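Okay, so here's the structure we're looking at.
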Amino acid sequence: MAPHMDRLGYWGRVTSTIDWCEENYVVSFYIAEFWNTVSNLIMILPPIYGAIQTFRDGLEFRYVCSFLGLSVVGVGSWCFHMTLQYKMQLMDELPMIYSTCVFVYCLYECFKQQNKIGFIPIALLLFFSVSVTLVYLQWKEPVFHQVMYGTLVACLVIRSIYIVTWVYPWLRPLCYTSLGIFMLGFFFWNMDNFYCGTLRNARYNLPPVVGAVTQFHAWWHILTGLGSYLHILLSLQIRTTYLKYRPKVKFLCGVWPTLHIEPQKTS
């Protein structure tokens with residue numbers, strides 16, 4: 002990670018345990034990491050629309066929670082990168098665990114009766130979330146959080162690949178698109194961490210707009226936000242197909258994918 006910068010802005014001294022590679026308070030006096038902040042819009046606005054559409058279609062509340070959970074992660078990440086304060090860091094990192102637990106529940110309970118609540122999976126995921134929270138509040142080690150988050154993502158990947166391999170193979174394109182975009186974001190996340198010095202030196206010799214493209218942690222937000230959104234669509238399509246609805250992917254403004262459900266069930 003990048004060292005804490007001497008430059009101070011509106012939010013004062015950095016108190017977070019991580020200071021990312023983007024130079025602090027360069028673009029705005031009020032935003033510590035400008036590009037890392039505004040890139041979270043992709044995790045805030047589209048999932049809110051998805052939650053509204055899911056509610057209007059009368060689908061299970063767990064999927065409304067999935068979309069809203071992704072939005073909460075986006076808001077928390079916005080606050081974290083805007084301020085680089087420890088409390089805001091927790092608003093970013095802990096909701097990542099909680100929302101992914103909702104994703105895991107939806108995907109592993111997708112072949113159950115409609116509106117049936119799996120109390121055992123909920124109890125296990127709740128225990129996992131509380132345990133991670135308590136440990137992380139005492140042991141402020143970002144690697145611990147990253148490993149726990151990675152464990153949940155691995156559970157999603159394994160389950161998704163199983164379903165599109167053995168149950169609904171026609172959903173492979175959506176599954177592998179979601180996974181590929183997420184992994185590309187993970188690649189940029191690592192590039193930002195390991196080559197921070199090189200990236201910063203390159204930005205000094207580039208025009209500001211071109212240099213913004215080298216903010217790879219911002220690309221992590223954009224790509225993982227899109228990948229997570231597509232995963233929710235995949236999970237929702239698996240569930241509605243199993244319940245014999247007629248899910249249909251439509252593109253908002255011809256660009257952004259959304260899932261609409263026909264009002265009548267198939268026979």
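Just so we're aligned, residue 2 is where the sequence shown starts under the numbering used here, counting upward by one. Ideal placement from N, C-alpha and C gives every residue a C-beta, glycine not left out. Computed from a predicted model, the values in this text were never measured in an experiment.
- Contact between serine 40 and histidine 232 does not hold, since their C-beta atoms are separated by about 19 Å, which reaches or exceeds 8 Å.
- Rounded to the nearest angstrom, the gap between the Cα atoms of phenylalanine 188 and leucine 175 is 20 Å.
- In this structure, the straight-line span from the alpha carbon of glycine 198 to that of arginine 63 is close to 43 Å.
- Using a C-beta cut-off of 8 Å, the segment 91 to 102 makes contact with the segment 71 to 83, since at least three inter-stretch Cβ pairs fall below that distance.
- The C-beta separation of alanine 219 from tryptophan 12 comes to about 19 Å, leaving the pair out of contact by the 8 Å criterion.
- Residue burial annotation: arginine 57 is exposed, with fewer than 16 other C-beta atoms found within 10 angstroms of its C-beta.
- Under the three-state reduction of DSSP output, lysine 88 falls in the helix class.
- For threonine 241 and glycine 59, the gap between their C-alpha atoms comes out near 11 Å.
- Here phenylalanine 30 carries a coil assignment [DSSP, helix/strand/coil].
- For tyrosine 50, the closest alpha carbon among the candidates Leu253, Glu263 and Ile262 is that of Leu253.
- Boundaries of the alpha helix (DSSP H) around leucine 138: 120 to 139.
- The C-alpha of leucine 85 is placed about 26 Å away from the C-alpha of serine 67.
- Residue nearest to threonine 134 within the set Met184, Met149 and Asn25 is Met149 (criterion: CA-CA distance).
- For isoleucine 19, no alpha helix (DSSP H) segment is defined, and its DSSP state is neither H nor E.
- Judged by DSSP secondary structure, tryptophan 167 falls within the alpha helix (DSSP H) whose first and last residues are 143 to 167.
- Beta-bridge partners of threonine 259 (DSSP): Lys251.
- Rounded to whole angstroms, the separation of the alpha carbons of asparagine 206 and serine 161 is 43 Å.
- Note that the C-beta distance between leucine 153 and threonine 101 is below 8 Å.
- When DSSP states are grouped into helix, strand and coil, arginine 204 belongs to the helix group.
- Residue burial annotation: phenylalanine 112 is exposed, with fewer than 16 other C-beta atoms found within 10 angstroms of its C-beta.
- CA-CA distance, valine 256 to tryptophan 140, rounds to 43 Å.
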